[in-house]
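Residue numbers (numbering that gives the first Met the number 0), protein chains in the order written: chain A, 0 to 455; chain B, 0 to 455; chain C, 0 to 455; chain D, 0 to 455.
Number of protein chains: 4
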Amino acid sequence: MITEQFISTSVTPLESLDILSPHEVAKLQDKSNSGLYRLFRQCSLAVLNTGSEMDSASQVLDRFKDFDIHIKHKHKGVQLELINAPATAFVEGELIQGIREHLFTVLRDLLYVGDELDLCCDTDDISERTTNTVFHILRHADAMKPHVKPNMVVCWGGHSIKRPEYQYTKKVGYELGLRRLNICTGCGPGAMKGPMKGATIAHSKQRVLNPRYVGLTEPGIIAAESPNPIVNELITLPDIEKRLEAFVRLGHGIIVFPGGAGTAEEILYMLGILLHPRNKDIPFPLIFTGPEGSEAYFETVDKFIRETIGENATKRYEIIVDDPHQVAVRMREGLDLVLAHRKETDESFHYNWQLFIPPEFQLPFEPTHEAMATLNLKRGQEDYILAAQLRRALSGIVAGNVKEPGVEAIRKHGPFELTGDKDIMASLDHLLESFVDQHRMKINHEEYVPCYKVVR
Amino acid sequence: MITEQFISTSVTPLESLDILSPHEVAKLQDKSNSGLYRLFRQCSLAVLNTGSEMDSASQVLDRFKDFDIHIKHKHKGVQLELINAPATAFVEGELIQGIREHLFTVLRDLLYVGDELDLCCDTDDISERTTNTVFHILRHADAMKPHVKPNMVVCWGGHSIKRPEYQYTKKVGYELGLRRLNICTGCGPGAMKGPMKGATIAHSKQRVLNPRYVGLTEPGIIAAESPNPIVNELITLPDIEKRLEAFVRLGHGIIVFPGGAGTAEEILYMLGILLHPRNKDIPFPLIFTGPEGSEAYFETVDKFIRETIGENATKRYEIIVDDPHQVAVRMREGLDLVLAHRKETDESFHYNWQLFIPPEFQLPFEPTHEAMATLNLKRGQEDYILAAQLRRALSGIVAGNVKEPGVEAIRKHGPFELTGDKDIMASLDHLLESFVDQHRMKINHEEYVPCYKVVR
Amino acid sequence: MITEQFISTSVTPLESLDILSPHEVAKLQDKSNSGLYRLFRQCSLAVLNTGSEMDSASQVLDRFKDFDIHIKHKHKGVQLELINAPATAFVEGELIQGIREHLFTVLRDLLYVGDELDLCCDTDDISERTTNTVFHILRHADAMKPHVKPNMVVCWGGHSIKRPEYQYTKKVGYELGLRRLNICTGCGPGAMKGPMKGATIAHSKQRVLNPRYVGLTEPGIIAAESPNPIVNELITLPDIEKRLEAFVRLGHGIIVFPGGAGTAEEILYMLGILLHPRNKDIPFPLIFTGPEGSEAYFETVDKFIRETIGENATKRYEIIVDDPHQVAVRMREGLDLVLAHRKETDESFHYNWQLFIPPEFQLPFEPTHEAMATLNLKRGQEDYILAAQLRRALSGIVAGNVKEPGVEAIRKHGPFELTGDKDIMASLDHLLESFVDQHRMKINHEEYVPCYKVVR
Amino acid sequence: MITEQFISTSVTPLESLDILSPHEVAKLQDKSNSGLYRLFRQCSLAVLNTGSEMDSASQVLDRFKDFDIHIKHKHKGVQLELINAPATAFVEGELIQGIREHLFTVLRDLLYVGDELDLCCDTDDISERTTNTVFHILRHADAMKPHVKPNMVVCWGGHSIKRPEYQYTKKVGYELGLRRLNICTGCGPGAMKGPMKGATIAHSKQRVLNPRYVGLTEPGIIAAESPNPIVNELITLPDIEKRLEAFVRLGHGIIVFPGGAGTAEEILYMLGILLHPRNKDIPFPLIFTGPEGSEAYFETVDKFIRETIGENATKRYEIIVDDPHQVAVRMREGLDLVLAHRKETDESFHYNWQLFIPPEFQLPFEPTHEAMATLNLKRGQEDYILAAQLRRALSGIVAGNVKEPGVEAIRKHGPFELTGDKDIMASLDHLLESFVDQHRMKINHEEYVPCYKVVR
């Protein structure tokens, strides 16, 4: 297997992405700050580096520091010149077709977001603008199919899960595929790849002509989580919040596989939205599942939710252990409810306009000491608000424990000061400890020290 | 034949145009000045009124004053409610499919131009902006096919031509179709419909799978020149100048059939562009043709060009009388040169970026007394400038003779005062007299009085 | 226009017809009596000679006596070498695609009939065998579309009709096409071409993706009635009876335009079948129509039917004068009845198994003196039998009056002796006189002498 | 997982297989010996029983003794009624689409072979007839794609191989799929399924639009080796010899994975053909491969070939151990030679007419005592003849050791008497012993007793 080689070549685009103006070409070549060159080079490299096992974006960028990409306008259309590209993206000198497609969809999304999007909606309401922006990006990417019954299943979960967990995601994907359901994940390996592989085999048996394997990514994570070439609709959202919104507006149901603290955050995101009073009648199947031997993960999460947000929250999800067939049956049933509800309420099948995303979930959160100090982790507020607060706290604590800038901040300024009920804090503490025990965070049991203290 | 009836019904869109945001729906429903309702209603009515023989937009709008159109967002997608629509658009209660498509392409273009277009190019150069705007509209309408060799033949000519002339346009269309060439016209009847009909039969014999019958229109003329349902790509440009630019950048060659003064203006437009020094090496087949009995039209025009702009101009066009086969053969040869040139210069096949359109042709002209007085109709200037000046003079004189506001202005302020060489003015005079004699203008020989005088 | 030239070239087939065995290639090259060469050459020439105005097969064969066709097996597939082929089949040296298709469908049918067909049905019943043979040929030609509602309209009528009649057939075709109906004719010019041309324009407006223009021919007539390249399904049946059967089993309704004695024979064929008691509940729309000025043809035929077979027969057809819209409306209504009946009786949509064709219509008739003498043209027998007898008598009398071998036989052996009721014979006589008067037979009024006498 | 249940339902066909005549329906329903009912029921059951682990046909037939299948002709087309079908073929009550296709392709092939085939070639040469019959069956099944470059890779090997061997076949399939190669196997599990699964994932990454997974089966083995639903072209040849011939004429190269004695027989079949002097210049890539740990199988076979047929034979194959990438690279290179040779010799890409199959390989062999006694296992004859003799001897010895009728015959009549060179017999003996040692035959080491003796 070729591992350390580079290939330089030129690539022609998909037909539909083959028409650029000289202005657009110039923008992609523009190395200044207002230009798109840096972003385009970085995303292209990520796309080409598929299948690599390197974890960090910086590692990738370092190894392929000589990689470059030029764009040319030839009489027949656009052409990309790749210089020192990862050889793993090629088969006998020819770029794998799926990767070739990814290259040009990245180009499509970067240009569209940079160029045409600003006026998509003449409102000052930032929430409405965000929702509309996501809509326009998805429409431009042709990701919405108006006459198709709800069938898009989002799969979330860890990217570095254990072998039996990975095999399990394949089996679940296979059962979903047998029911002609499509898969949407965040790109990358592990729980984001397994369901697509399983579904591919099942779709082949069912002769599904246009199976959809949607990958939603954003420039900040694409380098670390290269899209798998099975993904046949790669969409690059401009930031992490729009990516999360795209998942819940495009997807019709969600399956969560085991993961780490990041997966727990995604669970709190989804759960918080579903708990908002305006969403209480909107069906949205949400299933947590893993193989035998991985029960602990969801037991931990479930316990945490019960202890903090309350029993009521557990009505919005279901836990299924080691039964891919049942997961698919329950998802299918859930999607039938989604269909019925959309018909009843005249909601489109292709974009979930109805779902209300409270600003607490739509706006980004930067876990500084100050931001952490203003969190309110007490009972006596709406459950969806508490979910949002907990999600942020979790995010900050993870940063304080394992992410470099967070650890540094703690070292400098001491532990975060949190305001919250004692038992809620205890639950949070327990949740993190369990993740450490289950080897789901890069930290040893002995080293684990809470990076916060509770104040009154 | 049903003639005076109205039908109310609802229509679902083409799949690809079926995804609107609530904002867009609101904009189409918005009856205020900033809204699109009025424009959308007017264009929709025009599209539905196909095949009608009414000449004037106001007549159309008057007869169908009770026509209305609503847009609805249903769970499956968008739906249009038509109220009191012209029954001629329907076959046994069902809207003709081609017209259904036109309705939704109008909607597509109005929304795109209104909404997304403003930032398509961050330059202040108005010419560059215009060229880019046309490009973006055409790309959004999927009108550019990057890997296809030049094959788009623009057909210009009158909309109310005589029977033998109409039959002749069909025969030319048939010969073009046999050579697998596509047709682009300005929509409407006469010379804009005949070539498409002829080509349809030939494309059927040649089993051309995706024949293109492109209609370029704009809101100001669509009401009077309803697109024929054979048109399978209807594109509504925002104004007359962008429409003209779309013809010459999208088309690879032009055939001009007999027409009236409007057709003569189009000839001067094209010829002026081709005479610009920057365009002198760009091949662009331009053929004037008509059946036996219609020679006079092009003899007149040719004589006028020779006498004013000069012999040199005649190198850019060819006149062929009563020989559809030869017209197609010459066009085919011309397109081969276009292909060779585009390859040589790395120009795209799908949009003629190279062609320079001087601002004299790109900017609109309003024929007031003042504007007419500033025209310079003398020799001693670049031939392309003279062509532009003559085109404007012609435009003004036609207005002064037959268009209501023009006639009124002459009555009030006296004849236009023109500055020009005597013989040039005489040629212009002769050109118009000939059109009158040939019944190509709505004016009798006796009534024709020049509406201008030459000053020094 | 090139008229008297020849082209030699090689042609590659449609993909689906591109796989022949060496045995099949040998058979097509075999010039012996058991080989297919002669038949293949003759049919190919006919196909290539489309659009020619020559009436007789022998004329065609004579002009193109140097025409030859070879078949080659190349690594990529089959290739045909054409030597001295009619230049009219080509556009700038390239064979018109529709004609290229026809060449290979002829090859397909000749091989299939010659080779694979014999065992298609292990019954000794000759009628059943014939019906099955027609079924197998149509299936092999992919002419049956199982899930499609009845929409195949057969158009019969003369091939050398007057201009207004030809224009009228186009208008009827246009109205049928607007209703998404398909057209099936016997190939050739006149009433067999006009409806297809009209339908092509309408199908284009309705965006019908796979319009069907079915041409049913047989080796004996193809040379004189070359298929029009609009025909996109050419099927060569082995003989005239199977061709007639294909019309009534594949078609869902029939429109008859004016023609000559041949058209009258076809009317008697269809009417006789519909009058059989086993067919009395089977709906089958049958419309006779022509423009203003052509009423006489159907008046004559209608009168003849009433006077001979009786009023009852007139219930199975409808005459519509000069109203293409009404023809299409009535056909559409008739097809709705066909659909309802097929559903009710579990009959397939694609082949009319139910319709019983009495042997009197299925077996060929050779009009010798002896055969004519045994006809029974009297009342007192089943009306469908009388229709069959009259059809044969008509066939014989036409032969005796205008066809060379018939005229010769009469000259030699005297007039045919017919046994029949006097008034029936008088009606027959009147029918033929009227055709002569209407210039629908190649004979002058003065020359017309009945070639038969009635005996007791 | 549902395992022991039955489902009764009705199934509609693929469009293209939806047109049957009443005669054909009757033949499929005919339970007499001349009818097709029994064969159709048995093959249908096999197709529906996919994924089952039952080894023997009789076991399958026994468990589903209540299974029945009826065929109906409804107005829209054909319909199959399934009674007590295996539930594993269904997903939530709906038949898996791939299996639905298989049902109707079985029907297609049974009818075609029974009905239309007899006259496909008017020669008495039985070899030519066989080759033509195979050609006609494949053409009728639309299995030949004339303009496609050689890309069909046949994979042979055992159906009950070990896990690492199965995983290895998937990896090889994946590498073949990355190179856009298609897969053809004998249906069933193990080495016949793995390559298709691997190729499916790779074809998805390469966006291969119409990947081909061809399964060649015959009524005698289909029950025991149910086709995997990934197979998207199932073709049922009438007998084992035609199936083998189909492999070598349709396939462009062969990969052999480890298997048992059956696989060794297939190797001798292919090798014998390639050793024939008439085939010596025909390139035909033949690769034996397996994972680390399975080297023994091919070492054994290779040694046997060298010792018996001779070193020369080894030039026609290549052994690659544990290197899927290299297998694919070598196959790709081999196919390039095939392409070059076919172009050079004007051989079609879709059917290997050139390859001569000696009658020794084309005619069936029944291993009776008498037939075994007439084998000539000595040197001094053409190597391809010796290969054919050895293949037969091997076949007989396997039967004598493990197949019920063979074991019984040996018990009754004593060991087979073989005429051969001593060392050749020793090699054969060693080959079989090795298979026993490697657990590739259902027999223990201790039990293995040669069932033959050598005579002079």
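Glycine included, every Cβ here is placed at the ideal spot set by N, Cα and C.
Roughly how many whole angstroms lie between the Cα atoms of F134(D) and N351(D)?
The residue labelled residue 134(D) in the question sits at position 135 within the fourth sequence. The residue labelled residue 351(D) in the question sits at position 352 within the fourth sequence. F134(D) and N351(D): Cα-Cα distance of roughly 10 Å.
Using a Cβ cut-off of 8 Å, pull out every chain A residue sitting near R178(D), in sequence order please.
Working through the fourth sequence from its first residue, we reach residue 178(D) at position 179. By Cβ distance, chain A contributes V90, E91.
According to DSSP, is L180(C) helix, strand or coil?
As a working note, residue 180(C) is residue 181 in the third sequence. Three-state DSSP puts L180(C) in coil, outside helix and strand.
Comparing the C-beta of K204(D) with each C-beta of chain A, is any distance below 8 Å?
One-based indexing of the fourth sequence puts residue 204(D) at position 205. K204(D) counts as touching chain A.
So A88(D) is in the alpha helix (DSSP H); what residue range does that whole segment cover?
In the fourth sequence, residue 88(D) corresponds to position 89, counting from 1. That residue, A88(D), is in no alpha helix (DSSP H); it is neither H nor E in DSSP.
Note the first and the last residue of the continuous alpha helix (DSSP H) segment covering E23(D).
For the purposes of this step, residue 23(D) is identified with residue 24 of the fourth sequence, where counting begins at 1. First-last of the alpha helix (DSSP H) with E23(D): 21-28.
Can you find a C-beta in chain A that's less than 8 Å from the C-beta of H251(B)?
Looking up residue 251(B) in the second sequence gives position 252. Not an interface residue.
By Cβ distance, which residues of its chain are closer than 7 Å to P290(D), with the 5 residues on each side in sequence left out?
Stepping through the fourth sequence from its first residue, residue 290(D) is reached at position 291. Excluding residues within five positions, the ones whose Cβ falls inside 7 Å are P163, E164, Y167, D321.
Would the stretch 261-280 of chain C count as touching the stretch 201-212 of chain C if we require 3 or more Cβ pairs under 8 Å?
Judged by Cβ distances under 8 Å, the stretch 261-280 of chain C makes no contact with the stretch 201-212 of chain C, as fewer than three pairs qualify.
Given that a residue counts as buried once 16 or more other Cβ atoms are within 10 Å of its Cβ, and exposed if not, what is D108(B)?
By one-based count along the second sequence, residue 108(B) stands at place 109. Buried is the call here.
Quick one, are the C-beta atoms of G157(D) and P257(D) less than 8 Å apart?
For the purposes of this step, residue 157(D) is identified with residue 158 of the fourth sequence, where counting begins at 1. For the purposes of this step, residue 257(D) is identified with residue 258 of the fourth sequence, where counting begins at 1. Cβ atoms of G157(D) and P257(D): closer than 8 Å.
Would K148(D) pass as an interface residue toward chain A - the criterion being a Cβ-Cβ separation below 8 Å?
Residue 148(D) sits at position 149 when you count from the first residue of the fourth sequence. Chain A contact via Cβ: absent.
Spatial neighbours of L417(B) within its chain, please: CB distance less than 8 Å, with the 5 preceding and 5 following residues excluded, ordered by chain position.
Locating residue 417(B) in the second sequence gives position 418, where the first residue counts as 1. Within the same chain, L417(B) has close Cβ partners M371, A372, L374, L376, A392, M424, Y451, K452, V453, V454.
So, is T2(D) buried or exposed, given that buried needs 16 or more other C-beta atoms within 10 angstroms?
For this step, residue 2(D) is matched to residue 3 along the fourth sequence. In this prediction, T2(D) has a pLDDT of 45, which is less than 50 and means its spatial position is unreliable; what the coordinates show is noted afterwards. With fewer than 16 Cβ atoms within 10 Å of its Cβ, T2(D) is classed as exposed.
Using CA coordinates, which residue listed in F287(D), G419(D), A88(D), S394(D) is at the minimum distance from L44(D)?
Numbered from 1 along the fourth sequence, position 45 holds the residue referred to as residue 44(D). Among F287(D), G419(D), A88(D), S394(D), the Cα nearest to that of L44(D) belongs to A88(D).
Under 8 Å, Cβ to Cβ, is there at least one residue of chain A near D345(B)?
By 1-based counting over the second sequence, the position of residue 345(B) is 346. For D345(B), the answer is yes, since a Cβ of chain A falls inside 8 Å of its Cβ.
If contact means a Cβ-Cβ distance below 8 Å, which residues of the stretch 20-42 of chain D contact chain C?
Result list: S20, P21, H22.
Give the residues of chain D in contact with T199(A), contact being defined as C-beta atoms less than 8 Å apart.
As a first step, residue 199(A) must be located in the first sequence, where it is residue number 200. Going along chain D in sequence order, the residues near T199(A) (Cβ under 8 Å) are T199, I200, S203.
Take every Cβ of the stretch 232-240 of chain B, pair it with every Cβ of the stretch 223-240 of chain C, and state whether three or more of those distances are shorter than 8 Å.
Verdict: no, contact absent.
Determine the chain A residues that contact M143(B) at a beta-carbon separation under 8 Å, and present them in chain order.
By 1-based counting over the second sequence, the position of residue 143(B) is 144. In chain order: I18.
Could you check if Q41(A) is buried or exposed, using at least 16 other CB atoms within 10 Å of its CB as the buried criterion?
The residue you call residue 41(A) lines up with position 42 of the first sequence. Classification for Q41(A): buried.
Using the beta-carbon count (16 or more within 10 Å), is V448(B) buried or exposed?
Position 449 of the second sequence, counted from the start, is the residue given in the question as residue 448(B). V448(B) is exposed by the Cβ-count criterion.
I think G187(A) touches S225(A), with their Cβ atoms under 8 Å apart; what is that distance to the nearest whole Å?
By one-based count along the first sequence, residue 187(A) stands at place 188. By one-based count along the first sequence, residue 225(A) stands at place 226. G187(A) to S225(A), Cβ: 7 Å. Contact.
Going along the chain, which residues of its own chain have a beta-carbon closer than 7 Å to the beta-carbon of Q388(B), five neighbours each way excluded?
Here residue 388(B) is taken as the residue at index 389 of the second sequence, counted from 1. Around Q388(B): L374, N375, L376.
Let me make sure I understand the geometry here. Which of N443(D), R439(D), A198(D) has the alpha-carbon closest to that of T299(D)?
As a working note, residue 299(D) is residue 300 in the fourth sequence. Nearest C-alpha to T299(D): R439(D).
From the DSSP secondary-structure annotation, give me the bridge partner or partners of L94(B).
What you label residue 94(B) is simply residue 95 of the second sequence in a count that begins at 1. Paired residues: F89(B).
Using 8 Å as the limit for Cβ to Cβ distance, is G76(D) near chain C?
Numbered from 1 along the fourth sequence, position 77 holds the residue referred to as residue 76(D). With 8 Å as the cut-off, G76(D) counts as an interface residue toward chain C.
Using a Cβ-Cβ cutoff of less than 7 Å, which residues in the same chain neighbour L334(C) once the five nearest sequence positions on both sides are dropped?
Within the third sequence, residue 334(C) is the residue found at index 335, counting from 1. Same-chain partners within the cutoff: P149, N150, H251, G252, P284.
Under the three-state reduction of DSSP, which class applies to L236(B): helix, strand or coil?
Locating residue 236(B) in the second sequence gives position 237, counting from the first residue. In this structure, L236(B) counts as coil in the three-state DSSP scheme.
Roughly how many angstroms lie between the CA atoms of K170(C) and K161(C), to the nearest whole one?
Here residue 170(C) is taken as the residue at index 171 of the third sequence, counted from 1. Here residue 161(C) is taken as the residue at index 162 of the third sequence, counted from 1. Each residue's alpha carbon lies about 15 Å from the other.
For H69(A) and I356(A), what's the separation of their Cα atoms in angstroms?
In the first sequence, residue 69(A) corresponds to position 70, counting from 1. In the first sequence, residue 356(A) corresponds to position 357, counting from 1. Their backbone Cα atoms lie some 40 Å apart in a straight line.
Assuming L175(A) and V153(A) make a contact with CB atoms under 8 Å, what is their CB distance in whole Å?
Mapped onto the first sequence, residue 175(A) falls at position 176. Mapped onto the first sequence, residue 153(A) falls at position 154. No, L175(A) and V153(A) are not in contact; Cβ-Cβ is about 11 Å, not under 8 Å.
Once DSSP output is grouped into helix, strand and coil, what is the label at N375(B)?
The residue you call residue 375(B) lines up with position 376 of the second sequence. In this structure, N375(B) counts as strand in the three-state DSSP scheme.
Which chain G residues are close to K73(B), counting only those with a beta carbon under 9 Å from its beta carbon?
This model lacks chain G altogether; the protein chains it does include are A, B, C and D.
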